[in-house]
Amino acid sequence: KTDVQSLMKEGAERADIAASIFQAVVNQTISGLACGRRIVGNVAFLGGPLYFLPELRKRFSETLRLLPGQTISPENSHLFVALGAALLGKKNDVVSISELDRRSAVYSLPLSMDGVPGLPPLFRDGEERREFGERHRRSGTPRKEIASASGPAYLGIDVGSTTTKAVLTDGDGRILFSDYRMQGGSEPLRTVSEMLKELYSRMPESLFIKSSCVTGYGEKLIQTAFGVDMGEIETVAHTRAAGKIDPDVEFIIDIGGQDMKCLKTEKGTIRQIFLNEACSSGCGSFLQNFAESLGMDMDEFVSCAERSRSPVDLGTRCTVFMNSKVRQAQKEGSSIEDISAGLVYSVVRNALYKVLKIKSADEIGDHIVVQGGTF
378 KTDVQSLMKE GAERADIAAS IFQAVVNQTI SGLACGRRIV GNVAFLGGPL
428 YFLPELRKRF SETLRLLPGQ TISPENSHLF VALGAALLGK KNDVVSISEL
478 DRRSAVYSLP LSMDGVPGLP PLFRDGEERR EFGERHRRSG TPRKEIASAS
528 GPAYLGIDVG STTTKAVLTD GDGRILFSDY RMQGGSEPLR TVSEMLKELY
578 SRMPESLFIK SSCVTGYGEK LIQTAFGVDM GEIETVAHTR AAGKIDPDVE
628 FIIDIGGQDM KCLKTEKGTI RQIFLNEACS SGCGSFLQNF AESLGMDMDE
678 FVSCAERSRS PVDLGTRCTV FMNSKVRQAQ KEGSSIEDIS AGLVYSVVRN
728 ALYKVLKIKS ADEIGDHIVV QGGTF
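Numbering of the sequence shown is given in this note's numbering, commencing with residue 378 and proceeding in unit increments.
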(Lines of atoms letter the chains of each structure in order from A and count residues from 1; the text may use other names and numbers.)
(Lines give C-alpha, C1' and ligand atoms only; values in the text may rest on other atoms or scores of the structure.)
Protein backbone atom coordinates (compact mmCIF):
# COMPACT_ATOMS: atom_id res chain seq x y z
CA LYS A 1 0.00 0.00 0.00
CA THR A 2 2.89 2.34 0.76
CA ASP A 3 4.43 1.68 -2.66
CA VAL A 4 1.08 2.33 -4.35
CA GLN A 5 0.65 5.66 -2.55
CA SER A 6 4.12 6.71 -3.68
CA LEU A 7 3.48 5.74 -7.31
CA MET A 8 0.14 7.58 -7.38
CA LYS A 9 1.76 10.74 -6.06
CA GLU A 10 4.44 10.47 -8.75
CA GLY A 11 1.77 10.42 -11.46
CA ALA A 12 1.78 6.74 -12.45
CA GLU A 13 -1.23 5.55 -14.47
CA ARG A 14 -3.96 3.97 -12.37
CA ALA A 15 -4.40 1.13 -14.86
CA ASP A 16 -0.70 0.23 -14.59
CA ILE A 17 -0.87 0.30 -10.79
CA ALA A 18 -3.98 -1.91 -10.77
CA ALA A 19 -2.28 -4.47 -13.03
CA SER A 20 0.80 -4.40 -10.79
CA ILE A 21 -1.32 -5.07 -7.70
CA PHE A 22 -2.84 -8.16 -9.32
CA GLN A 23 0.62 -9.40 -10.27
CA ALA A 24 1.95 -8.71 -6.76
CA VAL A 25 -0.84 -10.85 -5.26
CA VAL A 26 0.03 -13.65 -7.67
CA ASN A 27 3.76 -13.44 -6.92
CA GLN A 28 3.18 -13.36 -3.17
CA THR A 29 0.81 -16.33 -3.29
CA ILE A 30 3.08 -18.47 -5.42
CA SER A 31 6.29 -17.66 -3.54
CA GLY A 32 4.79 -17.55 -0.05
CA LEU A 33 2.42 -20.50 -0.18
CA ALA A 34 4.08 -22.82 -2.68
CA CYS A 35 7.47 -22.24 -0.97
CA GLY A 36 9.45 -23.10 -4.09
CA ARG A 37 7.42 -26.17 -5.05
CA ARG A 38 6.21 -26.34 -8.64
CA ILE A 39 2.46 -25.94 -9.12
CA VAL A 40 1.49 -28.53 -11.71
CA GLY A 41 -1.66 -30.21 -12.93
CA ASN A 42 -5.16 -28.78 -12.80
CA VAL A 43 -5.76 -25.68 -10.66
CA ALA A 44 -9.12 -24.72 -9.12
CA PHE A 45 -9.75 -21.01 -8.52
CA LEU A 46 -11.80 -20.63 -5.32
CA GLY A 47 -12.76 -17.74 -3.06
CA GLY A 48 -14.25 -14.30 -3.55
CA PRO A 49 -11.31 -12.48 -5.18
CA LEU A 50 -10.78 -15.19 -7.81
CA TYR A 51 -14.54 -15.42 -8.41
CA PHE A 52 -15.19 -11.69 -8.85
CA LEU A 53 -11.88 -10.63 -10.47
CA PRO A 54 -11.26 -12.30 -13.86
CA GLU A 55 -8.03 -10.33 -14.29
CA LEU A 56 -6.63 -12.01 -11.17
CA ARG A 57 -7.45 -15.43 -12.63
CA LYS A 58 -5.76 -14.36 -15.86
CA ARG A 59 -2.58 -13.27 -14.05
CA PHE A 60 -2.40 -16.61 -12.19
CA SER A 61 -2.90 -18.57 -15.41
CA GLU A 62 -0.23 -16.62 -17.30
CA THR A 63 2.30 -16.69 -14.45
CA LEU A 64 1.86 -20.45 -13.92
CA ARG A 65 1.69 -21.01 -17.70
CA LEU A 66 -1.55 -22.95 -17.38
CA LEU A 67 -3.39 -24.08 -20.47
CA PRO A 68 -7.15 -23.33 -20.75
CA GLY A 69 -8.03 -26.92 -19.89
CA GLN A 70 -5.94 -26.87 -16.71
CA THR A 71 -8.00 -24.28 -14.82
CA ILE A 72 -11.31 -24.85 -13.07
CA SER A 73 -13.59 -21.96 -12.06
CA PRO A 74 -16.72 -23.44 -10.44
CA GLU A 75 -19.97 -21.54 -10.74
CA ASN A 76 -20.20 -20.92 -6.99
CA SER A 77 -16.50 -20.88 -6.16
CA HIS A 78 -16.93 -17.94 -3.75
CA LEU A 79 -19.28 -20.10 -1.64
CA PHE A 80 -17.17 -23.25 -1.43
CA VAL A 81 -15.97 -22.68 2.14
CA ALA A 82 -19.54 -22.23 3.36
CA LEU A 83 -20.56 -25.27 1.32
CA GLY A 84 -17.81 -27.31 2.97
CA ALA A 85 -18.98 -26.20 6.41
CA ALA A 86 -22.53 -27.28 5.55
CA LEU A 87 -21.32 -30.69 4.38
CA LEU A 88 -19.33 -31.12 7.59
CA GLY A 89 -22.42 -30.18 9.56
CA LYS A 90 -24.28 -33.17 8.14
CA LYS A 91 -21.97 -35.47 10.12
CA ASN A 92 -22.61 -33.82 13.50
CA ASP A 93 -25.00 -35.25 16.05
CA VAL A 94 -28.18 -33.42 16.97
CA VAL A 95 -27.65 -31.07 19.94
CA SER A 96 -30.42 -30.56 22.48
CA ILE A 97 -31.49 -27.11 23.67
CA SER A 98 -30.21 -27.84 27.17
CA GLU A 99 -26.77 -28.82 25.81
CA LEU A 100 -26.72 -25.67 23.67
CA ASP A 101 -27.48 -23.58 26.77
CA ARG A 102 -24.67 -25.29 28.66
CA ARG A 103 -22.15 -24.62 25.88
CA SER A 104 -23.32 -21.04 25.56
CA ALA A 105 -22.79 -20.44 29.28
CA VAL A 106 -19.23 -21.77 29.05
CA TYR A 107 -18.23 -19.68 26.02
CA SER A 108 -19.82 -16.50 27.35
CA LEU A 109 -17.38 -16.44 30.26
CA PRO A 110 -14.72 -13.73 29.91
CA LEU A 111 -11.64 -15.28 28.36
CA SER A 112 -8.13 -13.87 28.07
CA MET A 113 -6.33 -13.67 24.75
CA ASP A 114 -4.28 -16.86 24.51
CA GLY A 115 -4.21 -17.00 28.31
CA VAL A 116 -2.35 -13.67 28.53
CA PRO A 117 -3.65 -11.27 31.21
CA GLY A 118 -4.66 -7.73 30.33
CA LEU A 119 -2.03 -4.99 30.12
CA PRO A 120 -1.85 -2.05 32.55
CA PRO A 121 -4.13 0.90 31.65
CA LEU A 122 -2.56 3.79 29.73
CA PHE A 123 -3.10 6.09 32.74
CA ARG A 124 -3.42 5.08 36.40
CA ASP A 125 -5.96 7.83 37.09
CA GLY A 126 -7.28 11.17 35.88
CA GLU A 127 -4.47 13.09 37.55
CA GLU A 128 -1.78 11.23 35.61
CA ARG A 129 -3.72 11.82 32.41
CA ARG A 130 -3.91 15.60 33.09
CA GLU A 131 -0.18 15.76 33.87
CA PHE A 132 0.58 13.98 30.60
CA GLY A 133 -1.47 16.49 28.60
CA GLU A 134 0.08 19.51 30.32
CA ARG A 135 3.62 18.20 29.82
CA HIS A 136 3.19 17.72 26.09
CA ARG A 137 1.39 21.01 25.50
CA ARG A 138 4.52 22.83 26.69
CA SER A 139 6.42 21.71 23.57
CA GLY A 140 4.25 23.69 21.15
CA THR A 141 5.69 25.95 18.44
CA PRO A 142 5.05 29.72 18.80
CA ARG A 143 2.47 31.21 16.43
CA LYS A 144 1.65 34.66 15.09
CA GLU A 145 -1.42 36.02 13.29
CA ILE A 146 -0.75 36.09 9.55
CA ALA A 147 -2.75 39.31 9.14
CA SER A 148 -0.21 41.25 11.22
CA ALA A 149 2.88 39.73 9.57
CA SER A 150 5.10 41.48 7.06
CA GLY A 151 8.34 40.88 5.21
CA PRO A 152 9.78 37.53 4.12
CA ALA A 153 8.11 34.22 4.96
CA TYR A 154 9.10 30.63 4.36
CA LEU A 155 6.82 27.87 3.05
CA GLY A 156 7.17 24.16 3.79
CA ILE A 157 5.03 21.44 2.18
CA ASP A 158 4.93 17.76 3.16
CA VAL A 159 3.09 15.40 0.82
CA GLY A 160 2.74 12.32 3.00
CA SER A 161 1.29 8.89 2.34
CA THR A 162 -2.24 9.77 3.45
CA THR A 163 -2.17 13.51 4.27
CA THR A 164 -0.70 16.75 2.94
CA LYS A 165 0.61 19.48 5.23
CA ALA A 166 1.68 23.08 4.61
CA VAL A 167 3.29 25.52 7.05
CA LEU A 168 4.30 29.17 6.57
CA THR A 169 6.74 30.67 9.08
CA ASP A 170 8.29 34.08 9.58
CA GLY A 171 12.01 34.75 9.98
CA ASP A 172 11.83 33.90 13.69
CA GLY A 173 10.28 30.47 13.08
CA ARG A 174 6.80 31.45 14.27
CA ILE A 175 3.95 29.71 12.47
CA LEU A 176 1.85 32.16 10.46
CA PHE A 177 -0.31 29.61 8.64
CA SER A 178 -0.76 25.85 8.71
CA ASP A 179 -3.00 23.46 6.80
CA TYR A 180 -3.50 19.71 7.26
CA ARG A 181 -5.67 17.70 4.88
CA MET A 182 -6.48 14.10 4.22
CA GLN A 183 -6.11 13.27 0.57
CA GLY A 184 -7.85 10.59 -1.39
CA GLY A 185 -6.33 8.70 -4.28
CA SER A 186 -3.81 10.35 -6.59
CA GLU A 187 -4.74 14.00 -6.08
CA PRO A 188 -1.70 15.66 -4.45
CA LEU A 189 -1.67 18.37 -7.13
CA ARG A 190 -5.26 19.37 -6.43
CA THR A 191 -4.73 19.22 -2.67
CA VAL A 192 -1.62 21.42 -2.75
CA SER A 193 -3.30 23.82 -5.19
CA GLU A 194 -6.24 24.28 -2.82
CA MET A 195 -3.87 24.81 0.11
CA LEU A 196 -1.91 27.49 -1.75
CA LYS A 197 -5.10 29.28 -2.79
CA GLU A 198 -6.19 29.33 0.85
CA LEU A 199 -2.76 30.63 1.92
CA TYR A 200 -2.63 33.44 -0.63
CA SER A 201 -6.17 34.51 0.23
CA ARG A 202 -5.01 35.15 3.81
CA MET A 203 -1.64 36.76 3.14
CA PRO A 204 -1.49 40.56 3.55
CA GLU A 205 0.22 42.59 0.81
CA SER A 206 3.14 43.31 3.12
CA LEU A 207 4.01 39.58 3.37
CA PHE A 208 5.82 37.60 0.67
CA ILE A 209 7.19 34.06 0.33
CA LYS A 210 10.96 34.33 0.09
CA SER A 211 11.71 30.61 -0.15
CA SER A 212 9.86 27.28 -0.30
CA CYS A 213 10.69 23.62 0.23
CA VAL A 214 8.77 20.37 -0.29
CA THR A 215 9.33 16.90 1.15
CA GLY A 216 7.54 13.57 1.21
CA TYR A 217 6.20 11.04 -1.27
CA GLY A 218 5.22 13.63 -3.89
CA GLU A 219 8.33 15.79 -3.55
CA LYS A 220 9.46 15.84 -7.21
CA LEU A 221 5.95 16.14 -8.62
CA ILE A 222 5.02 19.11 -6.42
CA GLN A 223 8.39 20.81 -6.89
CA THR A 224 8.03 20.67 -10.67
CA ALA A 225 4.34 21.57 -10.81
CA PHE A 226 4.45 24.60 -8.51
CA GLY A 227 8.02 25.81 -8.98
CA VAL A 228 8.99 25.09 -5.37
CA ASP A 229 12.55 26.26 -4.72
CA MET A 230 13.91 23.03 -3.29
CA GLY A 231 13.05 19.46 -2.36
CA GLU A 232 14.43 17.68 0.69
CA ILE A 233 14.25 14.10 1.91
CA GLU A 234 11.97 13.47 4.88
CA THR A 235 14.66 12.39 7.32
CA VAL A 236 16.50 15.70 7.03
CA ALA A 237 13.25 17.64 7.46
CA HIS A 238 12.37 15.58 10.53
CA THR A 239 15.78 16.21 12.08
CA ARG A 240 15.66 19.96 11.48
CA ALA A 241 12.18 20.25 13.01
CA ALA A 242 13.08 18.09 16.02
CA GLY A 243 16.19 20.20 16.65
CA LYS A 244 14.00 23.29 16.77
CA ILE A 245 11.92 21.72 19.57
CA ASP A 246 14.86 20.20 21.46
CA PRO A 247 18.42 21.19 20.43
CA ASP A 248 19.76 18.17 22.36
CA VAL A 249 17.50 15.64 20.64
CA GLU A 250 19.04 12.15 20.52
CA PHE A 251 16.22 10.13 19.03
CA ILE A 252 13.32 10.88 16.67
CA ILE A 253 10.34 8.56 16.16
CA ASP A 254 7.98 9.34 13.28
CA ILE A 255 4.80 7.34 12.69
CA GLY A 256 2.93 8.39 9.58
CA GLY A 257 -0.07 7.04 7.75
CA GLN A 258 1.74 4.23 5.93
CA ASP A 259 5.27 4.11 7.27
CA MET A 260 7.38 4.40 10.38
CA LYS A 261 10.91 5.71 10.74
CA CYS A 262 13.29 6.25 13.66
CA LEU A 263 16.40 8.42 13.58
CA LYS A 264 19.33 8.37 15.97
CA THR A 265 20.94 11.83 15.96
CA GLU A 266 23.90 13.58 17.50
CA LYS A 267 24.37 17.38 17.44
CA GLY A 268 21.92 17.75 14.57
CA THR A 269 23.50 15.00 12.47
CA ILE A 270 21.73 11.75 11.59
CA ARG A 271 23.82 8.81 12.79
CA GLN A 272 21.46 5.91 12.12
CA ILE A 273 18.10 5.37 10.41
CA PHE A 274 15.57 2.61 11.16
CA LEU A 275 12.62 1.97 8.81
CA ASN A 276 9.69 -0.41 9.03
CA GLU A 277 9.79 -3.08 6.38
CA ALA A 278 6.71 -4.60 4.72
CA CYS A 279 4.49 -4.43 7.81
CA SER A 280 2.59 -1.22 8.56
CA SER A 281 0.34 -2.51 11.35
CA GLY A 282 1.62 0.16 13.71
CA CYS A 283 0.93 3.09 11.40
CA GLY A 284 -1.79 5.69 11.32
CA SER A 285 -3.96 4.40 8.48
CA PHE A 286 -4.34 1.03 10.22
CA LEU A 287 -5.62 2.71 13.39
CA GLN A 288 -7.87 5.01 11.39
CA ASN A 289 -9.35 2.11 9.41
CA PHE A 290 -10.02 0.24 12.64
CA ALA A 291 -11.73 3.27 14.19
CA GLU A 292 -13.88 3.76 11.08
CA SER A 293 -14.88 0.08 11.08
CA LEU A 294 -16.39 0.72 14.53
CA GLY A 295 -18.11 3.92 13.42
CA MET A 296 -15.71 6.18 15.35
CA ASP A 297 -13.44 9.05 14.37
CA MET A 298 -9.90 9.24 15.76
CA ASP A 299 -10.86 11.51 18.67
CA GLU A 300 -13.45 8.97 19.82
CA PHE A 301 -10.92 6.16 19.36
CA VAL A 302 -8.40 7.96 21.58
CA SER A 303 -11.05 8.62 24.23
CA CYS A 304 -11.97 4.93 24.25
CA ALA A 305 -8.34 3.93 24.72
CA GLU A 306 -7.91 6.36 27.62
CA ARG A 307 -10.94 4.90 29.42
CA SER A 308 -9.63 1.32 29.23
CA ARG A 309 -8.92 -0.44 32.52
CA SER A 310 -7.44 -3.68 31.10
CA PRO A 311 -6.00 -3.28 27.57
CA VAL A 312 -5.90 -6.44 25.47
CA ASP A 313 -2.45 -7.70 24.45
CA LEU A 314 -2.74 -7.84 20.64
CA GLY A 315 0.97 -8.35 19.94
CA THR A 316 2.92 -6.67 17.14
CA ARG A 317 2.07 -8.76 14.12
CA CYS A 318 1.24 -7.48 10.64
CA THR A 319 -2.09 -5.90 9.72
CA VAL A 320 -3.78 -9.09 8.54
CA PHE A 321 -2.96 -11.02 11.72
CA MET A 322 -3.69 -7.97 13.88
CA ASN A 323 -7.20 -7.80 12.43
CA SER A 324 -7.64 -11.48 13.29
CA LYS A 325 -6.55 -10.78 16.86
CA VAL A 326 -9.04 -7.92 17.13
CA ARG A 327 -11.89 -10.12 15.89
CA GLN A 328 -10.86 -12.84 18.33
CA ALA A 329 -10.86 -10.33 21.21
CA GLN A 330 -14.35 -9.13 20.22
CA LYS A 331 -15.66 -12.69 20.15
CA GLU A 332 -14.21 -13.30 23.60
CA GLY A 333 -16.08 -10.34 25.06
CA SER A 334 -13.34 -7.69 25.26
CA SER A 335 -14.68 -4.14 25.33
CA ILE A 336 -14.02 -1.58 22.59
CA GLU A 337 -12.09 0.47 25.17
CA ASP A 338 -9.73 -2.41 25.99
CA ILE A 339 -9.20 -3.29 22.32
CA SER A 340 -8.48 0.36 21.42
CA ALA A 341 -5.92 0.65 24.21
CA GLY A 342 -4.41 -2.67 23.14
CA LEU A 343 -3.88 -1.28 19.65
CA VAL A 344 -2.12 1.75 21.15
CA TYR A 345 0.23 -0.61 22.98
CA SER A 346 0.83 -2.47 19.71
CA VAL A 347 1.88 0.73 17.95
CA VAL A 348 4.52 1.42 20.59
CA ARG A 349 5.76 -2.16 20.67
CA ASN A 350 5.87 -2.32 16.88
CA ALA A 351 8.12 0.75 16.84
CA LEU A 352 10.38 -0.45 19.64
CA TYR A 353 10.66 -4.16 18.93
CA LYS A 354 10.00 -4.57 15.19
CA VAL A 355 11.57 -1.39 13.78
CA LEU A 356 14.23 -0.55 16.37
CA LYS A 357 14.70 -4.12 17.60
CA ILE A 358 15.75 -2.79 21.01
CA LYS A 359 15.79 -4.68 24.28
CA SER A 360 15.55 -1.70 26.61
CA ALA A 361 14.17 1.84 26.38
CA ASP A 362 17.52 3.05 27.74
CA GLU A 363 19.05 2.39 24.32
CA ILE A 364 17.33 5.37 22.68
CA GLY A 365 18.59 8.10 25.02
CA ASP A 366 17.02 10.77 27.21
CA HIS A 367 16.02 13.40 24.61
CA ILE A 368 13.31 11.87 22.42
CA VAL A 369 11.04 13.73 19.98
CA VAL A 370 7.99 12.02 18.45
CA GLN A 371 6.49 13.26 15.19
CA GLY A 372 3.78 12.38 12.71
CA GLY A 373 0.01 12.45 12.62
CA THR A 374 -0.33 9.23 14.62
CA PHE A 375 1.23 10.93 17.65
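For glycine and all other residues, C-beta sits at the position ideal for the given N, C-alpha and C. In this text, all values refer to a predicted model and were calculated from it rather than measured experimentally.
C-beta atoms of residue i and residue j nearer than 7 angstroms
i: Leu691; j: Ser712; result: no
i: Cys660; j: Ile632; result: yes
i: Ala718; j: Pro688; result: yes
i: Gln374; j: Ser538; result: Residue 374 lies beyond the stretch modelled for the chain, which goes from 378 to 752, so this question has no answer here.
i: Asp535; j: Gly593; result: yes
i: Val626; j: Thr646; result: no
i: Leu584; j: Ala526; result: yes
i: Val746; j: Ala619; result: yes
i: Thr568; j: Arg558; result: yes
i: Ser383; j: Phe422; result: no
i: Glu500; j: Arg506; result: With the sequence shown as reference, residue 500 is identified as Phe, and Glu is not the correct amino acid for it. Yes. Within cutoff.
Residue i, DSSP secondary structure in three states
i: Val420; result: strand
i: Arg551; result: coil
i: Gly604; result: coil
i: Ser589; result: strand
i: Arg515; result: coil
i: Ser489; result: Low confidence applies here, because Ser489 scores a pLDDT of 47, under 50, leaving its location unreliable and the question unanswered by this model.
i: Tyr557; result: strand
i: Ile735; result: coil
i: Arg415; result: coil
i: Glu390; result: coil
i: Leu440; result: Just to set this straight, residue 440 is Thr in the shown sequence, not Leu. Correct three-state label for Thr440: helix.
i: Val700; result: Residue identity check: residue 700 is Asn in the sequence provided, not Val. Reduced to three states, the DSSP call for Asn700 is helix.
i: Gly742; result: coil
i: Asp470; result: coil
i: Leu691; result: coil
i: Val626; result: coil
i: Leu384; result: helix
Limits of the beta strand (DSSP E) - the one that residue i falls within
i: Tyr531; result: 528-536
i: Ala543; result: 540-546
Residue i: first and last residue of the uninterrupted alpha helix (DSSP H) it sits in
i: Lys574; result: 565-579
i: Ile840; result: A question about residue 840 goes unanswered here, because the residues of the chain that appear run from 378 up to 752.
i: Gln665; result: 661-670
i: Lys521; result: Where Lys521 is concerned, there is no enclosing alpha helix (DSSP H), given that its DSSP letter is neither H nor E.
i: His615; result: 611-622
i: Leu465; result: 457-466
i: Val679; result: 675-684
i: Phe500; result: Per DSSP, Phe500 belongs to no alpha helix (DSSP H) and is neither H nor E.
Sheet register partners of residue i (DSSP bridge)
i: Phe651; result: Cys639
i: Asp631; result: Lys638, Gln748
i: Thr646; result: Glu643
i: Ile407; result: For Ile407, which the question treats as bridged, DSSP gives no partner whatsoever.
i: Leu584; result: Gly528
i: Ile449; result: Ala421
Heavy atom of the ligand GTP within 6 angstroms of residue i beta-carbon
i: Leu456; result: The model depicted lacks the ligand GTP and carries no ligand whatsoever.
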